[in-house]
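These notes concern the structure reproduced below.
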Amino acid sequence: MLHLLIEAELKRAVRAAVPDADDLPQITLMPCRDTRFGDYQSPCLIALAKALKQNPRELASQVVEKLTGLEALHVQVEIAGPGFLNFKLLPEAISGAIAQACKTNKPFILPRENPETIVLDFSSPNVAKPMHVGHIRSTVLGACLARIHRLLGNKVISDNHIGDWGTQFGKLLLGWKQELDQQALEQDPIGEMERLYKKVNAASEQDPVVLEAARRELVKLQDGDKENLEIWRKMIQLSQIQFDEMYHRLGVQFDYTLGESFYNDRLKDVVKDLVEKGIACESEGAYAVFFDDDPELKDHPAIVQKRDGASNYATTDLATLEYRIENWKPNCIIYVTDGRQQLHFKQIFSIFRRWKGEVNVQLSHVWFGTILGSDGKPFKTRSGETIKLSDLLDEAEERAMKVVTEKNPTLPEAVRKNIARVVGIGAVKYADLLPNRQSDYMFNWDKMLAFNGNTAPYLLYAYTRIRSIFRKYKESTGTAFDPMKVEEKQLNFSQPKELTLAKHLMSFGIVLQQAAEDSKPNILCNYIYELSGFFASFYEECPVLKSDVDPETRNSRLALCYTTAQVLRIGLQTLGLETLEEM
RNA sequence: GCGCGAGUAGCUCAAUUGGAUAGAGCGCUAGCCUCCGGAGCUAGAGGUUAAGGGUUCGACCCCCUUCUCGCGUACCA
0 MLHLLIEAEL KRAVRAAVPD ADDLPQITLM PCRDTRFGDY QSPCLIALAK ALKQNPRELA
60 SQVVEKLTGL EALHVQVEIA GPGFLNFKLL PEAISGAIAQ ACKTNKPFIL PRENPETIVL
120 DFSSPNVAKP MHVGHIRSTV LGACLARIHR LLGNKVISDN HIGDWGTQFG KLLLGWKQEL
180 DQQALEQDPI GEMERLYKKV NAASEQDPVV LEAARRELVK LQDGDKENLE IWRKMIQLSQ
240 IQFDEMYHRL GVQFDYTLGE SFYNDRLKDV VKDLVEKGIA CESEGAYAVF FDDDPELKDH
300 PAIVQKRDGA SNYATTDLAT LEYRIENWKP NCIIYVTDGR QQLHFKQIFS IFRRWKGEVN
360 VQLSHVWFGT ILGSDGKPFK TRSGETIKLS DLLDEAEERA MKVVTEKNPT LPEAVRKNIA
420 RVVGIGAVKY ADLLPNRQSD YMFNWDKMLA FNGNTAPYLL YAYTRIRSIF RKYKESTGTA
480 FDPMKVEEKQ LNFSQPKELT LAKHLMSFGI VLQQAAEDSK PNILCNYIYE LSGFFASFYE
540 ECPVLKSDVD PETRNSRLAL CYTTAQVLRI GLQTLGLETL EEM
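The letter at position 497 of the first sequence is residue 496 when you use our numbering, and the numbering goes up by one with no holes.
Here it is in C-alpha cells:
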C-alpha cells in the first residue's frame, strides 16, 4: 500500500534522474530493520551508482531532487551513510493508513491485478496406512501456502496426490483374502489393513511362494479383476475416512484428491511418447532417461519403466504434471515434500522441460527437513515405531487441557476442551511452521506449549487480550466499537509505542508477499510474533480504557487495537490457527 | 566418490536474500501488580556467525580450501 506508492515514486524519480540509463537494477524499498534510520530504506542506489560509475551520494541527491511526490504521501526522505535513502513516515501517513485499515477486511493487502493460478501438491498419504508424524509438515506447510496465496488474491488449486496404487496392493489383497478379521476391520480399519500388510510382507520375505501369490494378486488387480478391484476400492474408501478425519482436525481442505491410480491409463502413452521423442531409451531391460549435459544429474538417470514393464513414481508424476497443465493451465505448480525427494523432482522437471519445452509454467519443489526427537534422531516412539498423527494430536490436546485447567479451573469443561483443542492443535502446527522449513527441527512439547516465547499459546493469548478490551468497552459504553466510523482526522499517534506498533502493522502486506515468494511461512510467523510483542509493550505503556485517558487518545488507541486484532487474526488464520475470544 | 543441505549465545531457533550496532525464547541476574486478562512487561550478562583465505564502500549471506554432521545417489514413493 503506502510502501508501494513510495516505491513507485522512487522508481519514477530514479528514471527521471538517470534518463539515459537503459538497464536499471531492481529498485526496491524495504522496511528498515533499525528504525532509528527511518521506516523504509532503499540501499539499491549504491549498486546503481556503481553500474553508472557515479558517486553514490551524488546520485542519491540527484534522485532526491526528483522525489517531488513524497510530500503528498506525508513521507520524508534523507540520504545516509554510503548512499542509502531512508524514508520516514509522518504521523499523518500513519493515521491515514490505520483509518483505511479499519474499513477493510484485508488490511494492508493490495488486491492482485492479474491473479496467478497455482497448483499446490501436498500431504499425499498412502492408502491402507496410518497417517504419521511425517505427514505433518507437508500437510501443514502446503495448506498454509495455499492460504497465503489465496489471501494475496491468487487462484489456488490444491490436489492431494494420495498413494493409492503400487506393489503394496498385491500383499494387501492377498492378506485381505486370507487373513481378514472382519470385526477388527470394523473397529479399526487402518490398523487391520496395516496388520495384513505387515503379516504378508513378513511371510513373503521367508517364502517365495507367498511373494509369488502376492504378485499374482497385483497382476489381477492391474488387469481389472472384478473382485480385486472391489477390495481395492474398499481399502481406498476406508482410508479416505481416516484422511478426512485428520484433515478435519487440522483444518485442511483439498479441491481435488486425484491419487496415483487416476493416471493409470496415461502411463503407457507417457513412456511411448518419451521413447518416440528420443528422451527415454532402453537400458538394462528398463526404460530410462539420461541427463548427459546436466553436470548434476549426469550420473543419475531416471527410470520411467521398470524391467517388469510396470511404471513407477517418475512415470506417474510426469503423467500428473501433464494432466494438471492440460486441465488447469496453471502459472505455477508447487510440490511440498520431504527434502529427500530433491533429486527426484530435479529429474522430473528436467524431463518435463525436454518433453514439453514450450509450456510456460513455473515448477517448484518446496522441500522441508525432518522432525527430530530429543535425541536428534528422526522422531519415533520409545519403542522405535513411527508416531501416528492421531496419537500426536490427541496428546497435544491432552497436554493443552492440563494447562488450561490449571490456569482457568472455573471455566466449564466444554469451554476448556475447546480451548485445549485450539491451543493444542495450534501449537503443533505453529511449531511446525516456525523453523525455516529447510532445516530439521526438534520436536518439543514443553517448548511449543509454553506461554512465553514464539509459541501458539503466547500469540493466542495476545489476541484474547485485545478482544477483551473491546468486550470491556462495550460493557461500559453500551455500544460496540465501530471501525467503519474511524476517521483519519480524529486519529492521533504520538507515543513511541503507538508509532512502532502502527508502523509494524503497515508492513503486513510486504511480509505476506515475501512469505509467498519464498514459500516460507516462518516469515509470517516471525512477523506475527513481533507484532504481538509490540502490542504487549504498547499495552503496558498506553492505557486504552482507563479513566484518565482522554477521548481522542482512547479513540486512536481503540483503532490501533482493532487493527492489531485484525492483522493478528488474519495472520494466525492464514497460518492455520483458529483464534479464541477468551482462554 | 559425486550431489544436496546444515554448522550462529550454555540450549532451541531467527536474521527482510549483500546493508548500518547479528536478534528472540528457555536458562541465569535485577526490577514492575490500588485501574484495560501477570498465560504479561522492563532491564542486564552471554557471539572471532565451524576454521582459514578471497571478492567490495559494506559479508552469517557470494567465491575458493579444510573440518564435522544429516540426507540422496537406476527399477520404493
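Even for Gly, the Cβ is constructed at its ideal location relative to N, Cα and C.
When beta bridges are read from the DSSP output, Phe492 appears opposite no residue. Between the C-alpha atoms of Arg214 and Asp307 there is a straight-line separation of about 12 Å. Note on the stretch 44-75: whole alpha helix (DSSP H) runs with a minimum of 4 residues are 55-65 and 69-72, in chain order. Residue pairing of Tyr39 in beta bridges, as defined by DSSP: Pro30 and Phe86.
Counting C-beta atoms within 10 angstroms of its own C-beta, Met447 has 16 or more neighbours from the protein chains shown and is therefore classed as buried. Within its own chain, the residues whose Cβ lies closer than 8 Å to the Cβ of Asp158, once the five positions on either side in sequence are excluded, are Val118, Leu119, Asp120, Phe253, Asp254, Tyr255, Thr256, Leu257 and Arg323, listed in chain order. According to DSSP, residue pairing for Asp337 in a beta bridge involves Phe367. For Lys345, no pairing in a beta bridge is given by DSSP. Classified as buried, Arg415 has 16 or more neighbouring CB atoms from the shown chains inside 10 Å of its CB.
Take Thr454, set aside five residues on each side of it, and the residues of its chain with a beta-carbon closer than 8 Å to its own are Ala426, Tyr429, Ala430, Lys446, Met447 and Leu448, in chain order. Nearest C-alpha to Glu185 among Ser41, Ser546, Val17 and Met234: Met234.
Val74 places its beta carbon less than 7 Å from that of Ala92. A straight line joining the alpha-carbon of Glu551 with that of Gln489 spans about 7 Å.
According to the DSSP assignment, Ala455 belongs to the alpha helix (DSSP H) that extends over Ala455 to Thr476.
According to the DSSP secondary-structure assignment, Asn125 is paired through a beta bridge with Gly162. Between the stretch 385-396 and the stretch 132-148, the count of Cβ pairs shorter than 8 Å is three or higher; the stretches touch. Taking the Cα of Thr562 as reference, the smallest distance to any Cα among Gln512, Met505, Asp547 and Gly284 is reached at Met505.
Taking C-beta atoms as the reference points, Phe83 and Gln40 count as a pair closer than 7 Å. In this structure Glu295 is exposed. Its beta-carbon is surrounded by fewer than 16 other beta-carbon atoms within 10 angstroms.
Counting only unbroken stretches of 4 or more residues, the alpha helix (DSSP H) elements lying wholly within the stretch 473-561 are 495-505, 507-517 and 520-540, in sequence order. Judged by DSSP in its simplified three-state form, Lys267 adopts helix. Contact between the stretch 278-288 and the stretch 215-230 is not established, with fewer than three Cβ pairs separated by less than 8 Å. With 16 or more other Cβ atoms inside 10 Å of its own Cβ, Cys43 counts as buried. DSSP, read as helix, strand or coil, puts Ala96 in helix.
At the C-beta level, Ile333 and Val365 come within 7 Å of one another. Contact annotation, Leu458 with Leu579: C-beta distance approximately 11 Å; criterion of less than 8 Å not satisfied.
Counting every other CB atom within 10 Å of its CB across the protein chains shown gives Gln304 a total of 16 or more, marking it as buried.
Note that the C-beta distance between Cys331 and Leu433 is not below 7 Å. The Cβ atoms of Glu384 and Thr315 lie no closer than 7 Å to each other. For Val548, same chain residues with a beta-carbon under 8 Å away, outside a window of 5 residues either side, are Pro542 and Arg556 in chain order. Here Asp120 is bridged, per DSSP, to Asp158 and Tyr334. The Cβ atoms of Val126 and Ser238 lie closer than 7 Å to each other. Unbroken beta strand (DSSP E) runs of no fewer than 3 residues, entirely contained in the stretch 157-232, are not found. Secondary structure note for Ile302: its beta strand (DSSP E) is the uninterrupted segment Ala301 to Gln304. For Ser282, no alpha helix (DSSP H) run applies; the uninterrupted beta strand (DSSP E) run containing it begins and ends at Ala279 to Ser282, by DSSP.
Taking 7 Å as the cut-off, the Cβ atoms of Leu195 and Glu178 count as close.
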